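Contents: one structure, followed by commentary.
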Amino acid sequence: MTIEQDWSGAADRTAGARPSWLRLDQTRVLAIILAVILGALALPPAVILILRSLSITNPDATIGGWTLTHYVRFFTNPELYRSLLNSLVFAVFSTVVALLFGGTLAWLVERTNTRFKALAYVTTVVSMGTPYILYVSAWLFLLGRSGPLNDAWRTMTGSRQVLFDPYSLVGMILIEGFLWSPLVFLLLSSTFRSANADLEEAARMSGAGVLRTVWSVSIKMATPAIAALALFVFIRAIEAFEVPALVGMPGNIDVLTTDVYRSIKESIPPDLGYASAYSVVLLVAVAVLLHFYGKLSRNAGRFSTVTGKGYRPRQFNLGRWRPVGDALVIFNFLIVLVLPLLALLWLSLLPFMRPMRFEAVAQFSPANFVTVLSSQYYRTLALNTLIVGFVAATAGMILALFTGWLSARRKPGGQIIDQLATMPLVFPGIVMGVAFLMIFLAVPLPIYGTIWALAIAYTVRYLPYGLRYTYAGVLQISNELEEAAGASGATPIQSLRRIIAPLLSPALLSGWLFIFLIATKELAVAVLLAGPSSPVVAVGMYDLWVNGQGGELAAFGLIWAAVMTLVASVFYFAGGRTGRTAAH
Amino acid sequence: MNRREVTFALGSVAAAGLFPWSRAHAASPDLVAAAEKEGKVVWYTTMIVDQSVRPLAEAFQKKYPKIAVEFTRAGSGDTALKIINEGQAGRVMGDVFDGTATFASVMPAGFVEPYRPESAAAYPDEFKSADGSWHALNFYYLTAAYNTDLVSADEAPKTYDDLLDEKWKGQLVWSVVPEPVAAPGFIGNMLLTKGKDAGTAYLDKLAAQGVTNMSSSQRTVLDRVIVGDFPIGLMVFNHHVEISKAQGAPIEWLRMEPLVSSASLLGLIKGGPNPNAGKLFIDWLLSEEGQRVLASTSYLPTRPGVDATIPTLLPTGPQHFDTTFMSPTIVADNLKDWIAILDEKFT
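So the sequences go chain by chain: A and B. Start counting the first sequence at 1; every next residue gets the next number (the working numbering). Start counting the second sequence at 1001; every next residue gets the next number (the working numbering).
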């Protein structure tokens, strides 16, 4: 409060004797402008969804009076409960897979004498830059009826039947679980790294074995962080679209998000009323989950006993179990990096899909790469995506800088602005897509079907993530600097520009790269908003997959993933390996 | 071969004699100028991009370098949906559409702009609608195909009844997109040729075989047969099989009679952003030059005088086969029922 008084004191001299709520100093003007911008960006999606969910949609797509029929239809649809059950089973078990696999790996790499640790980091960095759809298509090929696994099974048994069909709920769970394991690894490795080893050593000295120590000390200490992370992965799995669309839909396994997609994409006219009612219910569900996530993550630091001592905690000696740890690290490297990339390389070099057998090598040709590199279409895809990612990341971080500063410094209006900026977090991607589709169709501006529609939607969607970077960043900067600047006559904007922004630049860069990386690979929003003249990479890849151009998809995907991995490495090293993605 | 099919075949023979293909065609300079001013055409297509869309777009752009061809590929159902939804929202994005079932949905919704291009004068009446709301762009023939590494020619099913053999249980795959050239068309073919009762009885037995449904294009069904996921695919395009065979894929199509035949209907979207470029593009696609490019991709041209590159793909080719033609009228009258049967029995 003292700072505010200092500043308003400076304003007092110019504003005379007006009451304090009328004084329009720079901070207030900034807060008002920001509140208006954020209100205009964050509120309409929710408002339009609620309105449409309660309105009658006429056959000619105009809107009639009020109704509750969409909600009645929603809750009385027997298929809803099947989709809900599928969604829950899918989300719970893929969270378990991601946590068990990624968590074990993080512990092994951070706290034991397992070898080949660098492989785990390489895998994570590459996975950050690779679009989900590439992973999904590669794993579908590997696990598919004619993939190496089933191929070996059939060769062994001589049967035509398969051992494992990936187009199933089990397939969906495994693929989603592996998809999220690198993020779990990244976040938990920072938790394990900052854990205090004194307690573990005390346990060992009191005679506890490795397993006992791990169970009753290491895991117990990390429990709040693990619980928060589990809920986070669970929410993301409930919201997930890629795996349900590519694996679930062909296997006739519908979940909540694919139901929303179908009600828009598979009816004439699109059932926007029903989709809106569906979306509102999903919003409420996610909001409730996020509420608990907020509570859990506030407690996540409860046992993080970081002290001033700057040493790395001692590592467990795995003893004769060491090869098992090594094997798991290598398994991860193979499953999440080498095999998917090999599968993509295989598909990209062949004129048509073939099982992984030696005789196919004779058919290798660079034709797909030549097509991709020489085609205008792929250049347009890449360029559009880079523009969208750049604009969304830049706009998002500018808004996040001001919001984070106002909020972290508890300026007037800071809290409202923070809440407005955080609101998009409750929107699953597909729901955000539905909302913005309706908004852009309704506004008389030529935005619908252009890349600007995507840029705006992504700015709103990822603003909360950017905000976590700037908020935490501002908190780390002492007030003294701004006070000194204020005392020397600098306006708040000047000190923001000359002091805060430069000091915040590492956080701004990390946040920018983070938004850029996810905005360039996410499918759920883009699948509803990208028009024929504004294709982006994720949608282009989805089309290629659905339309049967797997070879070009693989060739383009490999090139794109290579470029994005470079960006991801910058992110990783800019973030100083601190696992700053923990921001969300 | 039904009556309509005969008319088609006879028409093509007669027209070939009447309009020798050497006659050059040039679009009117006014249309070209107006189209160049618009600078691009947006094509909502159902054809496979690498096989035919890209070669066609490239050839058109070579002739008219000032007009870019932008395209999105989807099935007939999705394409019709997009056009209708954008039209009803007042945000028409596309100029030209094609597809086997697109027209049947888009026309009643009122989003087709009739247009009679000069180049279409050479087409017989069966290949175009009187008011110019559609023109046949290319022909399709659909049948079953098998993976030659997994199934020998002797072992392969020869008739529809052979598909009911115990050994094909769980081994069949098809696309369930809402089109006459996918599972709904297979159902229609059985009902039309076997009659309602026998057809329904057959479909019940086929459903008991457990056909795997795919909601993506017929091309992806064929790819999964080629890779060996399934030994037999139903309702795949015979020219897709030939294209893959030419690349060395272990695949062969079956003359399982009657095959399903269909035509892709080309039309202009009402209120499209580039109406002149749309007209010019349609004019070019139906012209001799456009149809030759189409034929060069192994697709089957409709223009009299332009020969298919692979004549065996045609019922009128060296090896005759019977077909059931999914005419625009049959599709408009029956497609919904067939989709309902598909949903009821097979999903």
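Just so you know, even glycine gets a beta-carbon here, dropped at the ideal spot from N, CA and C. Remember, predicted model here, so these are calculated numbers, not experimental data.
Chain order gives the chain B residues near A/Arg145 as Arg1224, Val1227, Gly1228, Asp1229 and Phe1230, where near means a beta carbon separation below 9 Å. For A/Pro366, the closest of A/Leu513, A/Leu350 and A/Ala40 by C-alpha to C-alpha distance is A/Leu350.
Below the 7 Å Cβ cutoff, chain B contributes Asp1223 as neighbours of A/Gly550, in chain order. In the three-state DSSP reduction, B/Ala1035 falls in the helix class (H, G or I).
Under DSSP, B/Arg1073 forms a beta bridge with B/Thr1045. Beta-carbon to beta-carbon, B/Gly1271 and B/Gly1087 are separated by about 7 Å, close enough to satisfy the 8 Å threshold. In this structure, DSSP gives B/Gly1233 an extended state, which the three-state scheme calls strand. B/Gly1248 has a beta carbon lying within less than 8 Å of a beta carbon in chain A. The Cβ-Cβ distance between A/Leu328 and A/Leu108 falls below 8 Å. Across the structure, B/Ala1059 and B/Gly1290 are spaced so that their CA atoms are roughly 8 Å apart. DSSP, read as helix, strand or coil, puts A/Phe436 in helix. In this chain, the beta strand (DSSP E) harbouring B/Ser1175 covers Leu1172 to Ser1175. A/Gly531 has a beta carbon lying within less than 8 Å of a beta carbon in chain B. A/Thr57 has A/Ile63 as its beta-bridge partners, per DSSP. Annotation for B/Leu1137: the continuous beta strand (DSSP E) segment containing it runs His1135 to Asn1147. Among the residues of the stretch 1088-1105 of chain B, those with a Cβ less than 9 Å away from any Cβ of chain A are Gln1088, Ala1089, Gly1090, Arg1091, Met1093, Gly1094 and Ser1105, in the order of the chain. Residues of chain B whose Cβ lies closer than 7 Å to the Cβ of A/Phe352 are, in chain order, Asp1223, Ile1226, Ser1244, Gln1247 and Ala1249. Here A/Ala524 really is in contact with A/Gly429; their C-beta atoms are around 3 Å apart, less than 8 Å.
Judged by DSSP in its simplified three-state form, B/Leu1294 adopts helix. Chain order gives the chain A residues near B/Arg1219 as Asn547, Gly548 and Gln549, where near means a beta carbon separation below 9 Å. Residues of chain A whose Cβ lies closer than 8 Å to the Cβ of B/Ile1048 are, in chain order, Asn547, Gly548 and Gln549. Judged by their CB atoms, B/Phe1346 and B/Asn1147 are not nearer to each other than the 8 Å cut-off.
Counted as a single uninterrupted DSSP element, the stretch harbouring A/Glu79 is not any beta strand (DSSP E) but the alpha helix (DSSP H) occupying residues Pro78 to Arg111.
About 19 Å separates the beta carbons of A/Gly171 and B/Asp1223, which is beyond the 8 Å limit, so they are not a contact pair. A residue is called buried when at least 16 other Cβ atoms come within 10 angstroms of its Cβ; B/Ile1083 meets this threshold and is buried.
Under DSSP, B/Gly1267 takes part in a beta bridge, and its partners are B/Phe1097. In this structure, the alpha-carbon of A/Leu496 lies about 17 Å from that of A/Leu509. For the C-beta of A/Asp543, the chain B residues within less than 9 Å are, from N- to C-terminus, Val1049, Thr1072, Arg1073 and Ala1074. In the displayed model, B/Ala1068 falls within a strand according to three-state DSSP. Contact with chain B is found for A/Leu441, since one of that chain's Cβ atoms lies less than 8 Å from the residue's Cβ.
Rounded to whole angstroms, the separation of the alpha carbons of A/Ala435 and A/Ala457 is 9 Å. Contact check between the stretch 409-424 of chain A and the stretch 25-37 of chain A: three or more CB pairs, one atom from each, fall below 8 Å, which counts as touching.
The Cβ atoms of B/Ser1298 and B/Ile1310 sit closer than 8 Å to each other. Rounded to whole angstroms, the gap between the alpha carbons of B/Ser1175 and A/Leu229 is 40 Å. Between the alpha carbons of B/Tyr1044 and A/Val324 lies a distance of about 54 Å. B/Leu1259 sits in a strand when the DSSP states are folded into three classes.
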